[in-house]
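Which chain is which? The protein sequence lines are A and B, in order. Be aware that the first sequence starts at 38, since it is given in this note's numbering, and climbs by one per residue. Be aware that the second sequence starts at 38, since it is given in this note's numbering, and climbs by one per residue. The beta carbon of each residue, even a glycine, is placed where N, CA and C say it ideally should be.
2 protein chains.
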Amino acid sequence: MFTLIPSGSVTSASGFLAGAVNAGIKSEDKLDLAILCSEVPCKAAGVFTTNQIKSAPVVLSQKHITKGRAQVIVVNSGCANACTARQGLADARVMANLAAAKLGISPEEVLIASTGIIGVPLPMDKIRAGIPKIKPTREGGHDFCRAIMTTDTRQKELAVQVDLKGTKFTIGGVAKGIGMIHPNLATMLCFIATDAVVSADFLQAALQKAVDCSFNMVSIDGDTSPNDCAFLLANGLAGNEPIDLDNGGDFQEALTAVCTHLAKSMAQDGEGATKLIEVIVEGAEDQAGARQAARTIAGSPLVKAAINGNNPNWGRVVAALGRSGARVREDRLDVYLNDVCVMKQGCPTPFSKEEMKLSLSNNDNVLIRLCLNLGDGQAIAWGCDLSEEYVRINSSYTT
Amino acid sequence: MFTLIPSGSVTSASGFLAGAVNAGIKSEDKLDLAILCSEVPCKAAGVFTTNQIKSAPVVLSQKHITKGRAQVIVVNSGCANACTARQGLADARVMANLAAAKLGISPEEVLIASTGIIGVPLPMDKIRAGIPKIKPTREGGHDFCRAIMTTDTRQKELAVQVDLKGTKFTIGGVAKGIGMIHPNLATMLCFIATDAVVSADFLQAALQKAVDCSFNMVSIDGDTSPNDCAFLLANGLAGNEPIDLDNGGDFQEALTAVCTHLAKSMAQDGEGATKLIEVIVEGAEDQAGARQAARTIAGSPLVKAAINGNNPNWGRVVAALGRSGARVREDRLDVYLNDVCVMKQGCPTPFSKEEMKLSLSNNDNVLIRLCLNLGDGQAIAWGCDLSEEYVRINSSYTT
Numbered sequence: 038m039f040t041l042i043p044s045g046s047v048t049s050a051s052g053f054l055a056g057a058v059n060a061g062i063k064s065e066d067k068l069d070l071a072i073l074c075s076e077v078p079c080k081a082a083g084v085f086t087t088n089q090i091k092s093a094p095v096v097l098s099q100k101h102i103t104k105g106r107a108q109v110i111v112v113n114s115g116c117a118n119a120c121t122a123r124q125g126l127a128d129a130r131v132m133a134n135l136a137a138a139k140l141g142i143s144p145e146e147v148l149i150a151s152t153g154i155i156g157v158p159l160p161m162d163k164i165r166a167g168i169p170k171i172k173p174t175r176e177g178g179h180d181f182c183r184a185i186m187t188t189d190t191r192q193k194e195l196a197v198q199v200d201l202k203g204t205k206f207t208i209g210g211v212a213k214g215i216g217m218i219h220p221n222l223a224t225m226l227c228f229i230a231t232d233a234v235v236s237a238d239f240l241q242a243a244l245q246k247a248v249d250c251s252f253n254m255v256s257i258d259g260d261t262s263p264n265d266c267a268f269l270l271a272n273g274l275a276g277n278e279p280i281d282l283d284n285g286g287d288f289q290e291a292l293t294a295v296c297t298h299l300a301k302s303m304a305q306d307g308e309g310a311t312k313l314i315e316v317i318v319e320g321a322e323d324q325a326g327a328r329q330a331a332r333t334i335a336g337s338p339l340v341k342a343a344i345n346g347n348n349p350n351w352g353r354v355v356a357a358l359g360r361s362g363a364r365v366r367e368d369r370l371d372v373y374l375n376d377v378c379v380m381k382q383g384c385p386t387p388f389s390k391e392e393m394k395l396s397l398s399n400n401d402n403v404l405i406r407l408c409l410n411l412g413d414g415q416a417i418a419w420g421c422d423l424s425e426e427y428v429r430i431n432s433s434y435t436t
Numbered sequence: 038m039f040t041l042i043p044s045g046s047v048t049s050a051s052g053f054l055a056g057a058v059n060a061g062i063k064s065e066d067k068l069d070l071a072i073l074c075s076e077v078p079c080k081a082a083g084v085f086t087t088n089q090i091k092s093a094p095v096v097l098s099q100k101h102i103t104k105g106r107a108q109v110i111v112v113n114s115g116c117a118n119a120c121t122a123r124q125g126l127a128d129a130r131v132m133a134n135l136a137a138a139k140l141g142i143s144p145e146e147v148l149i150a151s152t153g154i155i156g157v158p159l160p161m162d163k164i165r166a167g168i169p170k171i172k173p174t175r176e177g178g179h180d181f182c183r184a185i186m187t188t189d190t191r192q193k194e195l196a197v198q199v200d201l202k203g204t205k206f207t208i209g210g211v212a213k214g215i216g217m218i219h220p221n222l223a224t225m226l227c228f229i230a231t232d233a234v235v236s237a238d239f240l241q242a243a244l245q246k247a248v249d250c251s252f253n254m255v256s257i258d259g260d261t262s263p264n265d266c267a268f269l270l271a272n273g274l275a276g277n278e279p280i281d282l283d284n285g286g287d288f289q290e291a292l293t294a295v296c297t298h299l300a301k302s303m304a305q306d307g308e309g310a311t312k313l314i315e316v317i318v319e320g321a322e323d324q325a326g327a328r329q330a331a332r333t334i335a336g337s338p339l340v341k342a343a344i345n346g347n348n349p350n351w352g353r354v355v356a357a358l359g360r361s362g363a364r365v366r367e368d369r370l371d372v373y374l375n376d377v378c379v380m381k382q383g384c385p386t387p388f389s390k391e392e393m394k395l396s397l398s399n400n401d402n403v404l405i406r407l408c409l410n411l412g413d414g415q416a417i418a419w420g421c422d423l424s425e426e427y428v429r430i431n432s433s434y435t436t
């Protein structure tokens, strides 16, 4: 059980501060350099891109997080510091050192992240000039959120409160998308801050579990970024009884809800997207098959283009299922579009195309549900439609 | 060594005839039902979709081809006869029976194929009325080619002649694309007819080999169709010395050239495409890695959209490589765009963006070459750019 905090942000939990400045890294006059920090040291968990090409901030943060501790996250948008060779790693170190010096902590307690153009060195003069100007405050969560956006059109942030045996703790999260997003990891960037007291091992396991059924189930375009990461800081200021595997149910539920909300917001705000597509796969032979099937369908360009045109072309859904790798028996397959059955046990069922077109065009959320009738595996994936606007954005924008 | 036959078609080899009619299956007034046949029985080879959802004609043809013999191929466009359950299989059988009766052969000697809308039954009255009207002739190859097109904008056909120790044989081929195309199998439909004398085992192996480095290396949009298939008929009328593994080099070379030409034509004619993208991967750890890398890059929506905008955004190429599954060491990686080095041993190399933009906009063919410097694996894949037109086509067209 958890409750939503109105206008919540990544600084909603006790002891977290954030701030951002316009350092001039983005070409526009927008916030592009930000810090999130805790008043006290935190336990830290992280999940990183599976792309073999890893950005310098990912390489450095993976190193820093091995101790399971961190107190500060420094992020820039406008430049990914990826494919920047040794210079990139040196620049990432300087960025961490500057943030550490500013806050009087060790550089190993700093996690860093970057997003933006690949293959261009970080403008270190702007980073050097910008970091001292950042003034983290308790109210800075929304600025932090704006500072990490690139082609995002909407802020993606949320905070929830959990009552654990009379003691309340808070989980606040923020994320950015929205191109180059595909399992695994779909973040591209996600930062979560909680004041809960949590064991380090459970923290990492809980983040992985939450990411697996949220960010890893989102597909915008099939591409993964060298910069993807999700960080979770826990500063323990809520003073609850320590959370671990045996009593972690409420924490896991709330953390997963935060991640799922942020992941769905990403799909909804996919580049050029006009609709959120939710794919539910039930009755798969196993969980892995259900995940594969749901993600493949949510990521199929032909399915996505059909939804863009409010076109009830369920044949493309079945074709995507068939190539997903999940076991399929056509003669057992049931398919539903917005709750209308279009295929039952492998046979097309008659439905009104006009009514379905109306249902598709009147809803911002499209629901595709498949029952494979082979076992107990089930999964949900999210995607968005493929629009001409996506192509316009991505033929000119230099990521 | 082979020579191109001017205006060649699938009936260029001796003893092959083809014909087509407008049976009214497509909504437009176009050819949509066709027959390719040989004057004498043929050895036959086939490669089929790996999609678990297989169309009725694929299921039936897979059964018929097990004996390695066939004499007739009957094809319709406008309806895929996929996801049509038991009725679909019964209809496919009738279609084969009608073609067999027309030509006085056994139905098992008939291969069939369909392409078009999924989930709609074949209009059997039109098939029944249409098949008797088809008049196969030696000149019918081009009509056959037109009859199998759906969203194709150009005909895809070719014939080559080979001189084997003084005896000439011919290989003619025809294919259609062009949506729902991705390894494996990218056909969607391909038919090849030769008058060469070839052993049955070698015929199947040669087709598989040719398909692996041609159709299976093309990606239009990541989707595979339940209907993909490639058929190869060999009627032996050229009277050459029988071709087998030990003397099959020239045959293999010519067959691969035919398939490669057809595959590249498909990429070139990808839905909404304005450019052919050729991705060459060299120095991969192994062949499998090279293939994965080349196909992933050729299929990346972000790479495709960048090329559409003449945008030399090589970071997206490297990001796609990194998620391809092929082993990568960033510090060994060299990347070339249209022969200009943009990354050397993992370091971005300076290049004129303006000149590169010009080079991209002035060429219909874009060349992306990567040297992984890890081993001897190499592969070539083909794709096309992603345009707003692709989305327009696929949001309204019902496949």
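Review point. Roughly how many whole angstroms lie between the Cα atoms of Q124 of chain B and V340 of chain A?
Key: Q124 of chain B and V340 of chain A: Cα-Cα distance of roughly 25 angstroms.
Check your understanding: Should A119 of chain B be flagged as near chain A, meaning a C-beta pair shorter than 8 angstroms?
Key -> yes
Exercise for review: Using a Cβ-Cβ cut-off of 8 angstroms, state whether M393 of chain B counts as contacting chain A.
Suggested key: no
Exercise for review: Could you tell me which chain A residues have their CB closer than 7 angstroms to the CB of S262 of chain B, listed as they occur along the chain?
Suggested key: Residues of chain A passing the Cβ test: A356.
Exercise for review: Would you give the residue range spanned by the alpha helix (DSSP H) that I344 of chain B belongs to?
Suggested key: P338 to N345
Point to revise | CA nearest to the CA of T204 of chain A, picked from A:A233, A:S49, A:A82 and A:I164 | key: Minimum Cα-Cα distance from T204 of chain A among the listed residues A:A233, A:S49, A:A82 and A:I164 corresponds to A:A233.
Point to revise | chain B contact residues for V316 of chain A, given Cβ-Cβ distances below 9 angstroms | key: The premise fails here: V316 of chain A is roughly 15 angstroms from chain B at the closest Cβ pair, so nothing lies under 9 angstroms.
Review point. With a cut-off of 8 angstroms, does the C-beta of A335 of chain B fall near any C-beta of chain A?
Key: no
Exercise for review: Could you say if the region 109–124 of chain A and the region 67–81 of chain A meet the contact criterion of at least three C-beta pairs nearer than 8 angstroms?
Suggested key: yes
Practice item. Report the residues of the region 380–391 of chain B with a CB closer than 9 angstroms to any CB of chain A, ordered along the chain. Key: M380, Q382, G383, C384 and P385
Review point. Out of curiosity, what's the CA-to-CA distance linking D422 of chain A and G156 of chain B?
Key: 22 angstroms
**Study point:** Buried versus exposed, by CB contacts within 10 Å (16 or more), M38 of chain A
**Key:** exposed
Exercise for review: Tell me whether the beta-carbon of Q99 of chain B lies closer than 8 angstroms to the beta-carbon of C74 of chain B.
Suggested key: no
Review point. Just how far apart, CA to CA, sit S51 of chain B and T207 of chain B?
Key: 8 angstroms
Point to revise | Segment limits, alpha helix (DSSP H) that includes D180 of chain B | key: Counting along the chain, the alpha helix (DSSP H) containing D180 of chain B begins and ends at G178 to A184.
Review point. Is it the case that the Cβ atoms of L269 of chain A and A137 of chain A are separated by a distance below 8 angstroms?
Key: no
**Study point:** N- and C-terminal bounds of the alpha helix (DSSP H) containing I164 of chain A
**Key:** M161 to G167
**Study point:** CB of S64 of chain B within 8 angstroms of CB of S151 of chain B, strictly
**Key:** Not closer than 8 angstroms, so no.
Practice item. Please confirm if L126 of chain A has its CB atom under 8 angstroms from at least one CB of chain B. Key: No, L126 of chain A lies away from the interface with chain B (no Cβ there is under 8 angstroms from its Cβ).
Exercise for review: Give me the Cα-Cα distance between H298 of chain B and C378 of chain A, rounded to the nearest whole angstrom.
Suggested key: 42 angstroms
Point to revise | V197 of chain B at chain A interface by Cβ criterion, 8 angstroms | key: no
Check your understanding: What runs of the beta strand (DSSP E), each 3 residues or longer, lie entirely inside the region 337–424 of chain A?
Key -> 371–374, 377–381, 402–408 and 414–421
Practice item. Can you tell me which of B:N345, B:L195 and B:A57 puts its alpha carbon nearest to the alpha carbon of P169 of chain B? Key: B:A57
Point to revise | Neighbour-count burial assignment, P43 of chain A, 16 or more Cβ in a 10 Å radius | key: Using a 10 angstroms sphere on the CB of P43 of chain A, the tally of other CB atoms stays under 16, which defines it as exposed.
Check your understanding: How about Q245 of chain A: is its C-beta nearer than 8 angstroms to some C-beta of chain B?
Key -> The Cβ of Q245 of chain A sits no closer than 8 angstroms to any Cβ of chain B.
Check your understanding: Between A327 of chain A and S389 of chain B, what straight-line distance do the alpha-carbon atoms span, to the nearest angstrom?
Key -> Those two C-alpha atoms are separated by around 47 angstroms.
Point to revise | Extent of the continuous beta strand (DSSP E) to which E290 of chain A belongs | key: The continuous stretches of beta strand (DSSP E) do not include E290 of chain A, which lies in the alpha helix (DSSP H) extending over residues G286 to Q305.
Point to revise | Limits of the alpha helix (DSSP H) - the one that G125 of chain A falls within | key: A122 to L140
**Study point:** Residue from B:E367, B:M393, B:K394 and B:E392 with nearest C-alpha to K500 of chain B
**Key:** Because chain B in this structure spans residues 38 to 436, residue 500 of chain B falls outside the shown range and cannot be described.
Point to revise | Identity of the residues DSSP links to K80 of chain A by a beta bridge | key: A:R106 and A:A271
**Study point:** Exposure label - E194 of chain B; buried when at least 16 CB within 10 Å
**Key:** buried
**Study point:** Three-state secondary structure (DSSP) of E146 of chain B
**Key:** In the displayed model, E146 of chain B falls within a helix according to three-state DSSP.
**Study point:** G442 of chain B to I154 of chain B span [Cα, whole Å]
**Key:** Limits of chain B in this structure are 38 at one end and 436 at the other, which puts residue 442 of chain B out of reach.
Point to revise | Partner residues on chain A for V428 of chain B, Cβ-Cβ distance less than 8 angstroms | key: A342, N345, L423, S424, E425, Y427 and V428
Check your understanding: At least one CB of chain A closer than 8 angstroms to the CB of Q99 of chain B: is that the case?
Key -> no
Practice item. Kindly list the residues whose CB is nearer than 6 angstroms to the CB of S251 of chain B, restricted to its own chain and excluding five residues on each side of it in sequence; keep chain order. Key: C296, T297 and A300, listed in sequence order.
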